[in-house]
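Residues 0 to 408 (numbering that gives the first Met the number 0) are what the sequence shown spells out, left to right.
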Amino acid sequence: MKALIAGAGIGGLTTALFLHEAGIEVEIFERADEVRELGVGINMLPHAVKQLADIGLMADLDAAGIRTRELIYTNRFGQIVWQELRGLDAGHDVPQISIHRGKLLGVIYRAVIDRLGRDAINLGCRVDGFGETGNTVSVRFARGDGSRGEARGDLLIGADGIRSAVRAALYPDEGPSIWSGIMLWRGATHWPKWRDGRTMAIAGGNFAKFVYYPIEADPGEPGMRLTNWAVMAKVGEAGAPPLRREDWSRSGVMEEVLPFVRDRFHLDFVDPAAIIRATETFYEYPNCDREPLPRWSFGRVTLLGDAAHPMYPVGSNGASQAILDAQSLATHLRSGDGIEAALSRYDAERRPATSAIVLANRKGGPEGVIDMIEARAPDGFDDIDKVASYEERESVVRGYASLAGFARP
Ligand SMILES: Cc1cc2nc3c(=O)[nH]c(=O)nc-3n(C[C@H](O)[C@H](O)[C@H](O)COP(=O)(O)OP(=O)(O)OC[C@H]3O[C@@H](n4cnc5c(N)ncnc54)[C@H](O)[C@@H]3O)c2cc1C
Numbered sequence: 000m001k002a003l004i005a006g007a008g009i010g011g012l013t014t015a016l017f018l019h020e021a022g023i024e025v026e027i028f029e030r031a032d033e034v035r036e037l038g039v040g041i042n043m044l045p046h047a048v049k050q051l052a053d054i055g056l057m058a059d060l061d062a063a064g065i066r067t068r069e070l071i072y073t074n075r076f077g078q079i080v081w082q083e084l085r086g087l088d089a090g091h092d093v094p095q096i097s098i099h100r101g102k103l104l105g106v107i108y109r110a111v112i113d114r115l116g117r118d119a120i121n122l123g124c125r126v127d128g129f130g131e132t133g134n135t136v137s138v139r140f141a142r143g144d145g146s147r148g149e150a151r152g153d154l155l156i157g158a159d160g161i162r163s164a165v166r167a168a169l170y171p172d173e174g175p176s177i178w179s180g181i182m183l184w185r186g187a188t189h190w191p192k193w194r195d196g197r198t199m200a201i202a203g204g205n206f207a208k209f210v211y212y213p214i215e216a217d218p219g220e221p222g223m224r225l226t227n228w229a230v231m232a233k234v235g236e237a238g239a240p241p242l243r244r245e246d247w248s249r250s251g252v253m254e255e256v257l258p259f260v261r262d263r264f265h266l267d268f269v270d271p272a273a274i275i276r277a278t279e280t281f282y283e284y285p286n287c288d289r290e291p292l293p294r295w296s297f298g299r300v301t302l303l304g305d306a307a308h309p310m311y312p313v314g315s316n317g318a319s320q321a322i323l324d325a326q327s328l329a330t331h332l333r334s335g336d337g338i339e340a341a342l343s344r345y346d347a348e349r350r351p352a353t354s355a356i357v358l359a360n361r362k363g364g365p366e367g368v369i370d371m372i373e374a375r376a377p378d379g380f381d382d383i384d385k386v387a388s389y390e391e392r393e394s395v396v397r398g399y400a401s402l403a404g405f406a407r408p
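Laid out in structure tokens, this is it:
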């Protein structure tokens with residue numbers, strides 16, 4: 000069996016590793032001329048880390064990232080709304096990993112090169128069409144020099160991100176992604192370690208949220224961490240076209256982000272404006288998603304990762320769900336009941352699960368607990384239990400964890 004994959008992001012490359020484990024031949028087509036280690040911080044939840052650990056990548060992930068120990072939600076005054084242990088410290092059998100997205104991609108990419116060989120990846124090939132004849136799928140692509148190519152296989156997996164060409168061919172009337180009106184600015188810089196150097200915080204409320212977590216230790220400087228920050232704030236109307244088209248690599252503008260944190264956040268663990276000013280290059284990304292689809296698999300063609308279920312980047316699910324998709328797809332294909340049946344079963348397993356997360360993320364995901372507290376106590380509180388009981392706060396956070404499949408054992 001030979002699988003064609005459009006896109007060499009975290010979803011496409013992880014799928015290649017799982018299919019290779021299952022004895023399936025793989026050929027990948029990536030639009031970019033090289034696989035570059037782009038992005039900033041990303042979190043991988045324990046159920047996704049487990050999948051990568053099962054294919055032998057745990058040591059590489061440990062070397063590149065941080066085993067997150069605790070997550071703390073606070074209001075904009077730094078008062079704790081919720082705190083919980085994560086990963087191994089919460090009783091899972093594998094850690095949660097906070098990591099630079101580019102480093103994670105690098106770990107997976109190197110494993111693909113080692114195990115499948117360089118020839119498995121065709122760089123500079125933008126997929127722009129496909130066809131099915133009998134038991135064969137052909138994919139058509141354009142090269143950077145203007146020439147065109149075609150390859151044949153037994154199935155096609157569209158793992159080509161939020162602006163997927165494969166999805167557009169399956170759903171030609173869908174149109175562009177949908178903007179929430181919220182802008183996300185994100186960056187990473189070397190910064191003094193906070194607490195144990197393995198703690199993540201999300202602070203703020205409805206006006207703006209500030210996310211802060213370490214993603215890499217520096218053996219030469221144990222008191223420092225490569226630290227990821229993000230600011231999310233409403234700058235437009237939900238459903239309007241984004242101010243600038245979504246592009247993960249678009250640089251942010253200091254004067255646009257600072258007003259959302261300066262004089263608004265009073266945290267005792269970090270001055271958001273100070274870490275933002277200290278970051279040489281940071282990025283903006285309009286929070287975009289798409290409506291959940293009624294179907295991903297059509298004959299021998301299916302979708303995976305952001306191509307299948309682009310979601311707002313809250314709740315640490317973007318990369319994690321793509322990895323779970325990859326493992327599920329390989330498991331169904333290896334069952335030997337035929338490709339079309341396997342793709343249908345993958346669709347039936349993963350589509351409802353991820354659609355629910357897309358919709359939950361629109362409501363703020365687990366971070367909704369901060370919004371709830373801020374709405375009731377905008378100027379802070381003396382006793383959090385009088386603002387919302389433990390059970391009420393727990394239902395927001397743990398309800399999301401169950402939905403996303405990583406509830407604490
Ligand atoms: C450059 C970049 C930076 C990112 N940074 C962050 C970040 O800092 N924080 C965060 O939470 N998430 C980030 N993301 C998103 C995150 O990686 C994904 O949400 C998640 O990992 C799911 O990955 P995916 O492989 O499904 O999609 P993606 O990561 O979007 O990968 C899709 C891949 O397909 C390729 N591609 C697109 N169209 C075609 C085509 N027609 N033919 C062939 N190849 C195509 C793209 O070049 C890309 O390599 C970033 C994504 C990208 C592409």
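We treat Cβ as the ideally placed atom computed from N, Cα and C, and that holds for glycine.
Note that the structure is a prediction, hence the values are computed from the model and not measured.
Heavy atom of ligand 1 within 7 Å of Glu36 beta-carbon: No, the beta carbon of Glu36 sits no closer than 7 Å to any heavy atom of ligand 1.
Contact the region 263-281 vs the region 172-180: 3+ CB pairs below 8 Å: Flag = no, the region 263-281 and the region 172-180 do not touch.
Whole-Å CB distance - Phe209 paired with Val260, under 8 Å assumed: The beta-carbon distance between Phe209 and Val260, rounded to whole angstroms, is 6 Å. This is short enough to meet the 8 Å contact definition.
Residue range of the unbroken alpha helix (DSSP H) whose run includes Ile112: Element bounds for Ile112: 100-115.
Near ligand 1: Ala406 beta-carbon under 7 Å from a heavy atom: No, the beta carbon of Ala406 sits no closer than 7 Å to any heavy atom of ligand 1.
Cβ separation of Gln50 and Glu69, assumed to be a contact under 8 Å, to the nearest whole Å: Wrong, their Cβ atoms sit about 23 Å apart, outside the cutoff.
Sequence-distant residues of its chain with Cβ nearer than 8 Å to His265 (five each side left out): Shown here for His265: same chain residues with a beta carbon closer than 8 Å to its own, the five before and five after excluded, namely Arg75, Phe76, Gly77 in chain order.
Bridge partner(s) assigned by DSSP for Glu366: Note: Glu366 sits in no beta bridge, so no partner.
Leu16 beta carbon less than 8 Å from that of Ile41: No, these two residues do not count as a Cβ contact at 8 Å.
Where Pro351 falls, given that 16 or more other Cβ within 10 Å makes a residue buried: Classification of Pro351: exposed, given that the 10 Å Cβ count is below 16.
Environment of Pro337 [buried if 16+ CB atoms lie within 10 Å]: Note on residue identity: the sequence assigns Gly, not Pro, to residue 337. Exposed.
Counted within 10 angstroms of its Cβ, other Cβ atoms place Ile201 as buried (16 or more) or exposed: Ile201 sits buried, since 16 or more C-beta atoms from the chains shown fall within 10 Å of its C-beta.
Pair within 8 Å by beta-carbon distance, Val39 and Gly186: With a cutoff of 8 Å on beta-carbon distance, Val39 and Gly186 are scored as near each other.
Exposure label - Thr132; buried when at least 16 CB within 10 Å: Exposed.
Completely contained beta strand (DSSP E) runs for the region 163-251, where each covers 3 or more residues: Complete beta strand (DSSP E) runs here, min 3: 177-191, 198-203, 207-216, 223-233.
C-beta atoms of Ile23 and Leu332 nearer than 8 Å: Contact flag set, yes.
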